[in-house]
Amino acid sequence: MPNNALSESRLNNLVACLTPALALVRSVADGFDTPFFSAIVITTTSLIAALQRNQDECIELVERVHGILYSIVDFHIKSESRGSVSPGMLDHIGKFSATLQRITTFVQAQQEGNRLRQLFRQGEMSKLRKDCQTGLQEVLDAFKASNELNSGAHIYVF
8 MPNNALSESR LNNLVACLTP ALALVRSVAD GFDTPFFSAI VITTTSLIAA
58 LQRNQDECIE LVERVHGILY SIVDFHIKSE SRGSVSPGML DHIGKFSATL
108 QRITTFVQAQ QEGNRLRQLF RQGEMSKLRK DCQTGLQEVL DAFKASNELN
158 SGAHIYVF
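Just add 7 to the spot in the sequence shown (first one is 1) and you have the numbering used here.
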């Protein structure tokens with residue numbers, strides 16, 4: 008994905024630019040004991056880590072979605088009643104659809120411009136991310152269990 012490569016490049020460039028600036032501010036803070044400099048260094052370091060972590064979380068979720076999409080298609084094609092799935096599996100696919108909507112909400116919230124609002128919603132975002140991961144894991148587990156019954160289906164893990 009070119010957009011992902013661009014985001015990764017921009018993030019790497021930003022980190023490369025901020026690292027020496029932070030070292031300089033840290034030196035000034037240590038040498039002159041200027042108020043707020045230590046807080047600025049700590050906060051900026053945390054911000055960089057959060058940016059990197061959030062990007063990784065978003066990428067991880069999308070990678071798992073990628074694998075599940077192929078697993079759903081493969082299972083659907085190779086099911087005993089060609090082209091249809093059992094009500095139980097259909098329920099799991101429905102849950103996956105709901106999880107996809109939560110993932111979209113999470114990713115869009117990560118990209119919102121108002122970072123201050125995100126700081127206040129950090130707990131909510133953490134719960135949403137965990138719900139997304141749990142939902143994806145439940146779907147993967149359902150396909151793994153079904154895969155044991157139908158040896159022709161494959162589980163695609165990215």
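For each residue, glycine too, the CB sits at the ideal point set by N, CA and C.
Around the beta carbon of I49, fewer than 16 other beta carbons lie within 10 angstroms, which makes this residue exposed. L76 places its beta carbon 8 Å or farther from that of T112. Looking at the backbone, the Cα of V35 and that of S16 are separated by about 29 Å. Rounded to whole angstroms, F82 and S104 show a C-alpha spacing of 16 Å. Under the three-state reduction of DSSP, R33 is assigned to helix. One alpha carbon belongs to T52, the other to L21, and they sit about 12 Å apart. Pairing R109 with G142 gives a Cβ-Cβ distance under 8 Å.
Rounded to whole angstroms, L29 and A56 show a C-alpha spacing of 13 Å.
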